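Protein chains in written order, with UniProt numbering: chain A, 1 to 537; chain B, 1 to 331.
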Amino acid sequence: MTTRMDTRPPVDDRPPPLHGLELARWAWRQLTSMRVALILLFLLAVAAIPGSVIPQSDVNPLNVRDFRARNPTLSEWYDRLGLFDVYSAPWFAAIYLALLVSLVGCILPRCWQHWKAVRAQPPKAPRRLSRLPAYRRIEVDAAPAEVLAVARAELRSRRFRLRRPGADGDDDAVAAEIGHLRETGNLLFHLSVVVVLLAVALGGLFSYRATVLVPEGSGFSNQVIQFDSLSAGALFDPADDLPPFSMDVESFTMEFVDAGNQIGQPSHYEATVSLVREPGAEPETHTIRVNEPLDIDGTSVHIINPGYAPAFTVRAADRETILAEGPVPFLPDDSSFTSTGVVKVEVPPELGDDIGIQANFLPTAYLDENGPRSVFPGARNPEVYLTAWHGDLGLDDGRPQSVYRLDTDDMEQYSADGEPFRSRLAVGDTVELPDGRFITFDGYVTWVNLQIGRNSGRELALVGAVLAVVGLMGSLYVRRRRAWVRASVGPEGRTVVEVAGLHRTEGAAGDRLADEIGAITDGLLLRLGGAKEKRED
Amino acid sequence: MDLDAVAEWSRYVVVVAVLVYLAAWLAFCAEGGLRSRIRRSGEAAATDRSAELVGVGGSSTTAPVSGPGGVDAPDTDAELGPRADRLGRDGRVLFGLATLVLAVGVVMRGVGTGRTPWANMYEFSITGALVASIVFLVLARTVVGKVVAVWAVLLIFVTVGLAATFLYVPPGPLQPALQSYWLVIHVGCAVLAFGLFTVSAVVSALQIASERAADRGRTTGFGASLPDSAALDRLAYRLTAIAFPIWTFGPLILGAIWAEVSWGRYWGWDPKEVWALITWLAYAAYLHARATAGWKGSKASVVALVGYATVLFSYFGVNILFNGLHSYGGL
Ligand code: HEM
């Protein structure tokens with residue numbers, strides 16, 4: 001096994017006496033050493049672990065909230081250490097910035113060295129070729145000069161780079177080298193890693209991601225006020241960066257596995273949308289499926305999760321005046337879409353007080369001793385179980401309210417016969433409230449939560465990543481090696497040809513080099529044989 | 001024939017493969033036992049012979065030492081050698097047969113479910129084990145690979161055995177998020193790299209044992225029976241050098257592309273993504289270690305084994321312990 005030569009000079013471990021400049025130079029040499037790179041790589045790997053174990057606020061804020069509620073004291077410590085935001089924590093950033101600096105500090109000098117190495121002449125033949133790990137010796141009749149010419153042709157056809165003939169006067173041998181692509185690939189790989197990191201970091205500054213929940217039959221326009229949530233990079237500009245489209249969800253269908261052991265698993269989601277690219281433009285129809293987002297000028301629209309929106313009509317006591325109607329999105333509680341939600345009916349004072357309905361929607365309702373629940377996510381037997389409140393919903397007093405929760409501070413639950421009022425409705429059923437008003441369960445539509453987002457810099461990151469793999473393959477699979485052919489007149493007057501090779505790559509198997517040197521020798525013989533025949537003709 | 005039935009039956013085929021792997025392993029073990037007996041008796045014979053020489057050369061009054069071991073050893077060897085050869089051959093044939101049966105099981109699963117068989121942990125495990133098995137079979141034609149094969153078979157036996165029992169998932173259709181040709185390539189690369197890393201980890205572990213034995217000057221025992229540690233080191237490196245770009249390309253790059261298509265962001269620090277990155281960093285550290293003075297040989301092998309531990313965790317740990325976007329892998 002050839003011993004490996006480190007590409008950099010050995011690092012002196014001892015800090016020099018405390019001269020500012022020398023200390024700085026020493027620190028820089030340490031930072032850009034292979035050993036420190038190795039340690040930093042490992043450190044980064046270890047530092048990434050806690051973020052996969054502890055819930056992260058930018059990945060799953062709900063889990064973080066639960067965790068805080070369950071472990072208040074521990075959470076305080078986690079907050080101090082940034083453990084809920086590992087990947088944006090200062091200590092995490094410190095590690096990868098150190099790695100980045102080390103990488104650049106290591107790569108740039110190597111690029112320069114490599115540039116010189118590529119342009120340098122292959123070194124001239126050692127005096128004793130027979131000492132090299134791969135060596136062949138043959139005798140031929142051709143004159144040394146002819147053998148060398150043939151050797152040049154042979155090596156060139158094998159894509160070796162040749163030493164300029166006659167350089168430094170060693171004209172009894174041909175020197176050749178191949179495999180600079182290894183280092184080229186290695187440098188390309190490391191530089192591409194830098195490109196990817198920069199693309200991710202800079203892209204993050206301009207990217208945004210928003211969600212909006214849209215019931216079938218409704219729409220939204222791409223503006224911040226219409227979003228349910230928005231997360232964006234520091235340099236995102238809502239005025240300029242949001243394409244001015246608007247979109248209606250014409251239909252949204254869900255299909256589920258309806259038999260077998262995976263019954264109830266979703267099998268297909270599909271939204272048919274009508275897109276208006278900018279105000280005044282012609283509407284276009286598109287479909288969005290789970291792995292098929294819609295791309296609108298670099299902004300993509302994805303399906304995230306679905307649900308049901310039961311539709312109600314609430315009438316005044318005269319049975320005619322409609323107080324409220326339409327679908328209301330409910331949030332699913334389980335994989336069978338047992339859903340809960342509220343309907344807030346603001347009523348003009350002359351028609352009575354406000355009504356708040358709190359309900360469960362069950363797409364496939366089933367009632368047993370555990371109470372009502374849904375047993376299948378598809379709407380096979382849709383029912384609503386509801387109770388209701390009356391009083392003041394508090395919608396006018398300016399406090400923000402969740403649309404999924406009823407603020408019952410100023411409300412009173414309806415009761416019937418001394419029990420809280422409850423009702424169970426199938427599609428089309430109407431129930432009369434104790435105060436004489438009416439609720440009708442008209443049916444349901446589906447809703448879909450859409451994600452609208454743009455990941456700036458993703459193309460650059462992809463190009464970087466692909467170049468990194470290309471460079472990596474060069475770096476791992478190309479072997480750098482040298483070959484020499486020497487021809488001299490032997491004691492019996494025949495020409496002695498020595499062919500030898502040396503690996504410059506560690507870990508490469510010696511037998512492959514020996515094979516190659518053998519093949520070069522055979523190639524020489526073949527060419528010489530051909531030349532001889534020609535001459536004899 | 002009903003496709004579901006084909007998929008169900010594939011499980012029994014896989015179980016048959018497990019049994020054949022067991023048989024192959026037993027054959028290899030028996031061969032190993034015989035070989036170490038031959039080595040021991042050979043050494044005993046050698047010591048006896050030198051004792052005889054001393055006896056002869058020393059004092060003529062000392063009777064030449066010749067115990068049963070010394071005199072009988074050549075006869076036993078003559079008998080044991082071919083027997084060991086035969087067992088080794090049987091083991092390799094069984095190994096090949098087991099791989100074939102496993103391949104049939106995997107293909108049946110794929111045909112029966114109408115998709116590539118790596119959509120859940122059961123399928124991933126049997127397909128990954130098949131990849132590892134094929135790589136080991138190819139290696140088993142070299143001297144180094146022969147030694148490695150014994151351990152390989154055991155590992156595959158355990159993996160496939162666990163898959164067919166604890167990890168088994170009945171065949172079924174895929175969730176919407178998984179219905180994508182990205183699945184085929186992305187997870188396909190992961191399975192391939194998983195298989196290669198597995199082989200490489202076995203070789204790295206043997207490299208450590210071999211280097212230790214050599215450092216302590218052992219001539220007998222397990223470590224000494226292994227190939228030269230430098231050869232093992234090179235083999236482990238070559239395997240990692242194949243697996244690492246595949247890991248970079250499949251799990252990381254294609255994973256990011258698929259995440260972009262499917263979830264609208266190419267990197268979101270989901271536990272599975274984090275662990276794929278950790279694995280990548282660990283193996284990058286291994287490749288660096290092999291090029292760093294003072295880290296060669298068994299130290300680098302230790303880094304490789306840490307890398308393999310992260311591969312295992314990326315797959316089994318993350319799927320079982322965490323509840324991320326990837327958790328549809330399913331148990
Ligand atoms: C993000 C950080 C880094 C990653 C992911 C990384 C990854 C890799 C990989 C995968 C290889 C294997 C290619 C091969 O063996 O030829 C490699 C080789 C190498 N890396 Fe890095 N590296 C990083 C940082 C660094 C730094 C900071 C240095 C400088 C100290 C460095 C110096 C080298 C050298 C000299 C090799 C060549 C080793 C050889 O010839 O085998 N790398 N790197």
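Don't be surprised by glycine CBs; every beta carbon is placed ideally from N, CA and C.
Given the structure is predicted, the values throughout are model-derived calculations rather than measurements.
- In the DSSP assignment, residue 413(A) falls within the beta strand (DSSP E) that extends over 411-413.
- Annotation for residue 521(A) indicates a beta carbon at 6 Å or more from all heavy atoms of the ligand HEM.
- Distance from the C-beta of residue 32(A) to the nearest heavy atom of the ligand HEM is below 6 Å.
- In terms of side-chain proximity, the C-beta atom of residue 106(A) is found nearer than 6 Å to a non-hydrogen atom of the ligand HEM.
- In the pairwise beta carbon analysis, the stretch 242-259 of chain B is classified as touching the stretch 182-195 of chain B: at least three pairs are separated by under 8 Å.
- As DSSP reads the structure, residue 444(A) sits in a beta bridge with 310(A).
- Neighbours of residue 110(B) in chain A, taken as residues at a C-beta separation under 9 Å, are lacking, since the least C-beta distance is about 17 Å.
- Here the alpha carbon of residue 352(A) sits roughly 24 Å from the alpha carbon of residue 400(A).
- Excluding its 5 nearest sequence neighbours in each direction, residue 236(B) has C-beta neighbours in its own chain below 7 Å: 200, 203, 204, 207, 301, 304, listed in chain order.
- Within the stretch 86-100 of chain A, the residues whose Cβ lies closer than 7 Å to any Cβ of chain B are, in chain order, 87.
- In the structure shown, the three-state DSSP call for residue 406(A) is coil.
- Excluding sequence positions up to five before and after residue 154(A), its CB lies within less than 7 Å of the CB of 520, 523, 524, 527, all in the same chain and listed in chain order.
- Within the same chain, and ignoring the five residues on either side of residue 480(A) in sequence, the residues whose Cβ sits closer than 6 Å to its Cβ are 179, 182, 504, 505.
- Chain B has no Cβ within less than 7 Å of the Cβ of residue 23(A).
- Less than 7 Å divides the Cβ of residue 20(B) from the Cβ of residue 97(B).
- Nearest C-alpha to residue 146(A) among 485(A), 202(A), 221(A), 511(A): 485(A).
- If you check the CB distance, residue 384(A) and residue 425(A) come in under 7 Å.
- Burial is judged here by how many other beta carbons sit within 10 angstroms of a residue's own beta carbon; residue 280(A) has fewer than 16 and is exposed.
- Beta-bridge pairing by DSSP links residue 364(A) to 381(A).
- Under DSSP, residue 25(A) forms no beta bridge with any residue.
- A direct Cα-to-Cα measurement between residue 93(B) and residue 86(B) gives close to 10 Å.
- Between residue 157(A) and residue 151(A), the alpha-carbon positions lie close to 10 Å from each other.
- Under the Cβ distance rule, residue 71(A) does not count among the residues neighbouring chain B, no pair being separated by less than 7 Å.
- Contact of residue 249(B) with chain A by beta-carbon distance below 8 Å involves 469.
- Around the CB of residue 494(A), fewer than 16 other CB atoms lie within 10 Å, so the residue is classed as exposed.
- Annotation: residue 117(B) has no Cβ neighbours in chain A at a cutoff of 9 Å; minimum Cβ distance is about 16 Å.
- Bounds of any alpha helix (DSSP H) do not take in residue 295(A); it lies within the beta strand (DSSP E) bounded by 294-296.
- Three or more Cβ pairs closer than 8 Å define a contact, and the stretch 352-368 of chain A meets that threshold against the stretch 391-399 of chain A.
- The three-state secondary structure of residue 451(A), taken from DSSP, is strand.
- The closest heavy atom of the ligand HEM lies less than 6 Å from the beta carbon of residue 193(A).
- Residue 114(B) has a beta carbon lying at 7 Å or more from every beta carbon in chain A.
- Those residues of the stretch 448-474 of chain A placed with their C-beta closer than 8 Å to a C-beta in chain B are 451, 453, 455, 458, 461, 462, 465, 466, 468, 469, 472, 473, ordered along the chain.
- Residue-level contact by beta carbon fails for residue 380(A) and chain B, as no gap is shorter than 7 Å.
- At least one heavy atom of the ligand HEM falls within 6 Å of the beta-carbon of residue 475(A).
- For the pair residue 463(A) and residue 32(B), the Cα-to-Cα distance works out to about 51 Å.
- Secondary structure remark: continuous alpha helix (DSSP H) runs of at least 4 residues inside the stretch 62-129 of chain A, in chain order: 72-81, 90-119.
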